[in-house]
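In what follows, a single structure is set out as structure tokens and then discussed.
Chains as they are written, first to last, in this note's numbering: chain B, 1 to 342; chain Y, 343 to 684; chain S, 685 to 1026; chain V, 1027 to 1368.
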């Protein structure tokens, strides 16, 4: 039976990406689109590329009858999300794409996001949405917290290595190259085409990026002790994509073996042959993550690279993958589209 | 029953696009991939973005058992295509994406392409593949000739207006803006990123572009007399997309009415509300063509704009749409994916 | 003797371009930078690419001692510009880059810009700043009005043809392809990199673009009777450049001869050999305008293409060229830098 | 007195960049342009953006009268360069932009470039062209070897730190982001716009990039013992720019102090305020290198970032800076142009 879906925050990029994906999903139908600031508009006004779809108009959240909804995606800004979700029916299945429920410890949340958490009850029940590693918990969860897109990329590259202790836990560097859609549709000067194109730079340098909260939480839990990584993101003049270049200390072949073995049955995580490197252009618009392992010329130094599409596997594709599990649908349903190249 | 598909010329962009589309088509399966110069390679070496697919390796054409094939796509360069197709089994259904069978008159072919046609028998039976206008002929055809991508765009904008005589037939200007993938994967200096990006220019100016052969053939047939248009293409620093800006003389409202009426039941041809203009970014990766009509401030002057993705609706999507008809499948099957934006 | 220069509106793109150009001008020195909203900031905070220059900090306009200034560039938004300029000393030489003083008839100004002109005295004395055609008037002017960047491009392509009556004055079409910096540094959703890159579209279609006011004024004056052109701009995913494709009726060779003859001694206006077409990439960052003429296959139809950099020859370079004349300096001083390619 | 200049290899990007720069140099004049494969062509055919310049046509090398030349730039491919230079007059001043004379030890050259060096005599006399660090030697040199563009960027970031021993010499990681013009004008599939734009990837991963030869040579000489760094370049969809993100172990403030002090009087090396990060867009087309230092959240970890334009400060600008010294001209002459932004 077709599942009825609501999307809150449908006028942002992750909202649009959810609609794109669900429009071809055989088991879901979009019944409500929430977008407070643009309520009353047709979605084709906000996203003309979706004009061929027969979709409900954007409405205010309180106009939605959630009793008819099987699962609700929240693609709202952080802080807004916790306010909204705390008011939604307690039985409603929710996949949240914001940062609000990613960190288990409310103190961590306040540290990284600067404001106290106001939906502690929901925070407690939320399951971290990195599908491949929390599959069982997600399947039975009511509320799943989508991961940060950078956090997902780094974890796909490193989790098995940290869990198995085959790399030096005190010397991990993640140099990330992020495309611009990860910054959302906000009007900021540095996101203008004339500012951004033809140039690139590091930002949130030195360990200030909020996704570090997720790395700390997850990597420490895996290792059973505190693990702190270095993480420097860079903004690249492209629309979609994250490339993580991870510098670790450990045997390259052992690293490759660990990733290959752990991801052997994972449809979306593809470990390339040893020595090959992935490219963001080869995962664009898809739910795949390509992972490469290379040995450095210096013995004992290994480079793990991982590429995914921040809007798909990094957020909305991941969210749909989780929703499939929560609704008892096949995990990969609606997610097997090939990347768009060129 | 699933239809068995072969693709010749699988290492070019239209070949890759066919594979992308067919990979999600519920009624087709790729059984053979021909690519002479890269025979013996795995497709994932040639197109790493397709590495998740379970595909046959590239082979030489004569290694393919065509008796097991229901339909063959030929995505070869023109001239090569006619040589190959003349040697294929006479009963094999074929959709050709080259220029070789688009022009009905062999003399026209020689005029525009510079060499005599060497597969006259096949040329005679070929049906022009502009689906929305040759649907019946295509359904029963054995050999369908895919149209030029520019030719398709211009015809979607203008055919109803010419057929109904509501514009001046002697004063039609098509100013086209073409993305770079239309030039294929050939190694040409002007297609390098460092040359092409951040700049744009007109090419084949003054009526020398080969797609004019198609415009002349089709528009003249529609009008019942010779119609010659002006056509100037421009190369734009983007990967996918054609935008046609057509300057015609006629009443704008009548033009809009004619297009709306003729395309009322066409799934892929969307006529925008009067005065709105389409954008290539809103059809990227999809089989849709968006069409806009605006009145100029000078009375009796009308501007028709049309946008499509040259690799999808302009070639491989069109080819698949035709193949669906030829194989008795639903015309839109495998073609309803939403555009990729941003 | 070095001339002292002030720039009002130094925090926008045309302001930055003026500083870039003047920084290498041997006869000018920047003494004051006005930027009300960013007053108090160092210019290197607003434009880090200019950090190597020894420049005054941004100040509010009323902090500037204009008695020490030889010439003031106003790079302010229209409407603001007329308010500011009407309060500046009456003897101060000014080059205005806004739209406020381009149209001679106050009624035309109100028609195209929607508000009544409030600096009628200054408007009356302003000289239209298309250097190559108003050289004498500019040399002795106190107030020069920089032209629209699109208006400049179209006029370079067409003025000699209209003045000499060698094209049909009632059937002129300008299809312009404009890069994004022409839209300025304003925060608009459609100017975001994620929205703009990889796509393109027509805007202000049908004769609503304000630069038509300039075309009407200038072309009609040249012809001695009303001339109305069709003008459709398109937004292209590149940072700098305007390409005008002009469709006219007239003999192509005569058109080429007229342009070659009229521009024979113009340093910045280069007419290409007959049949060649210019590219925006070959004028980027320079004050040159490349112009091409081609015959269409239809007899009597001619295509004139012109390419320039909207921020240089289209605005700030033109402004500096005019300032040179007004200050008695060599016209080309500080303007001979080669384009930046690739 | 004006110096007469020859450029060999004028049809590549570094050749074109030399011409762009020299065209505005008050003390140099281009007397000969060598380009074997394009001999006989006018430079405006090869580089239309330089058509405004009065330049000699391209000729074969043996057609050049070197007795009239004060200094010759060689912008040829490596291996070709050593063959050519060994045949040039022994008294001719030469700035070579190839890789042929960068490595002092012939065995190192063979290791990294795969072929034995065939101009050992010239190699012996060649001076390494990193101007700021070899100024005296360059001033009196006959033959100067331009550095690798990546090698220059990394050295500007790290030399003072290695020389002063304030970072751990055994744990230095350089993650470089390189724009595409660094790959030259060669026809390679992966450099096509349709392949490259909208995606990015690591290449020459694991310590195989040839510029490591320079890092090893220079850093080891500075330290007085073997120093081996990790170096991973990435190809970014932009035309100009290199951004080096260097991960080092040492005190961030000490690192910043060392760079500020050593570069205090260097016109082209700008150390940003502590904690700020440079962007390639802010040095485009200029000879400046911007350097930033940030502390990581992990104590004792420091990130040094450096940005320059690979065609200017990374090759042709550096070459001109060296030529100025060799010819007794002011070091910065012709090199003070501001970056082009946007």
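Where a beta carbon is used, it is the ideal one built from N, C-alpha and C, also for glycine.
Note that the structure is predicted; figures quoted are calculated from it, not measured.
- Within the stretch 229-240 of chain B, contact with chain V at the beta-carbon level (separation under 8 Å) is assigned to 230, 232, 234, 236, 237, 238, 239 and 240.
- For the C-beta of residue 180 (chain B), the chain S residues within less than 7 Å are, from N- to C-terminus, 877 and 878.
- Relative to residue 294 (chain B), the option among B:142, B:251 and B:339 whose CA is nearest is B:251.
- For residue 731 (chain S), the closest of S:744, S:698 and S:712 by C-alpha to C-alpha distance is S:698.
- For residue 1130 (chain V), the CB contacts under 7 Å within the same chain, skipping 5 residues up- and downstream, are 1243 in chain order.
- Runs of beta strand (DSSP E) with 3 or more residues, each lying fully within the stretch 414-484 of chain Y, are found at 435-438, listed in chain order.
- Of the candidates B:40, B:248 and B:207, the residue whose Cα lies closest to the Cα of residue 170 (chain B) is B:248.
- Rounded to the nearest angstrom, the gap between the Cα atoms of residue 753 (chain S) and residue 50 (chain B) is 55 Å.
- Assignment of residue 1332 (chain V) by DSSP, reduced to helix, strand and coil, places it in the strand class.
- About 6 Å separates the Cβ atoms of residue 1002 (chain S) and residue 830 (chain S), confirming a contact at the 8 Å cut-off.
- In terms of Cβ geometry, residue 647 (chain Y) and residue 1022 (chain S) do not form a close pair [threshold 8 Å].
- Close partners of residue 67 (chain B) in chain V (Cβ separation under 9 Å) are lacking, with about 43 Å as the shortest Cβ gap.
- When DSSP assignments are scanned along the stretch 351-395 of chain Y, the uninterrupted stretches of alpha helix (DSSP H) that are 4 or more residues long and fall wholly within it turn out to be 355-364 and 385-388.
- As computed with DSSP, residue 287 (chain B) is found in no beta bridge at all.
- For the stretch 941-965 of chain S, the set of residues with a beta-carbon nearer than 9 Å to any beta-carbon of chain V comprises 951, 952, 954, 956, 960, 962, 963 and 965, in chain order.
- Distance from the CA atom of residue 312 (chain B) to the CA atom of residue 435 (chain Y), rounded to whole angstroms, is 37 Å.
- The beta carbons of residue 694 (chain S) and residue 742 (chain S) sit closer together than 8 Å.
- DSSP, reduced to helix, strand and coil, places residue 1293 (chain V) outside both helices and strands of the structure shown, so it counts as coil.
- DSSP places residue 572 (chain Y) outside any alpha helix (DSSP H); the residue lies instead in the beta strand (DSSP E), whose first and last residues are 572-577.
- Residue pairing from DSSP places residue 1272 (chain V) in a beta bridge opposite V:1200 and V:1330.
- Taking CB atoms only, residue 305 (chain B) has a neighbour in chain V less than 8 Å away.
- In this structure residue 1224 (chain V) is buried. Its beta-carbon is surrounded by 16 or more other beta-carbon atoms within 10 angstroms.
- For the pair of segments examined, the stretch 1196-1213 of chain V was found to touch the stretch 1254-1266 of chain V: the number of CB pairs separated by less than 8 Å reaches three.
- Around residue 562 (chain Y), the same chain offers 568 and 569 as residues with beta carbons nearer than 7 Å, after the five sequence neighbours per side are excluded.
- Near chain S, meaning a CB-to-CB distance below 9 Å, the residues of the stretch 538-556 of chain Y are 538, 539, 540, 541, 542, 543, 544, 545, 547, 548, 549, 550 and 554.
- Look at residue 979 (chain S): its C-beta is under 8 Å from a C-beta on chain Y.
- Apart from the 5 residues on each side of it in sequence, residue 897 (chain S) sits with its Cβ closer than 6 Å to the Cβ of 787, 792 and 796 in its chain, given in chain order.
- For residue 518 (chain Y), same chain residues with a beta-carbon under 8 Å away, outside a window of 5 residues either side, are 492, 495, 496, 573, 574, 575, 576, 584, 585, 586 and 587 in chain order.
- Around the C-beta of residue 45 (chain B), fewer than 16 other C-beta atoms lie within 10 Å, and the residue is accordingly described as exposed.
- Contacts with chain B (Cβ-Cβ distance below 9 Å) from the stretch 386-415 of chain Y involve 389, 390, 391, 392, 393, 394 and 395, listed in chain order.
- Note that the C-beta distance between residue 76 (chain B) and residue 8 (chain B) is below 8 Å.
- Residue 846 (chain S) has a beta carbon lying at 8 Å or more from every beta carbon in chain Y.
- Out of S:924, S:739 and S:715, the CA that lies nearest to the CA of residue 725 (chain S) is found in S:739.
- Between residue 1310 (chain V) and residue 721 (chain S), the alpha-carbon positions lie close to 27 Å from each other.
- Burial state of residue 343 (chain Y) is exposed, judged by a 10 Å Cβ sphere holding fewer than 16 other Cβ atoms.
- Counting along the chain, residue 504 (chain Y) sits inside the alpha helix (DSSP H) bounded by residues 491-505.
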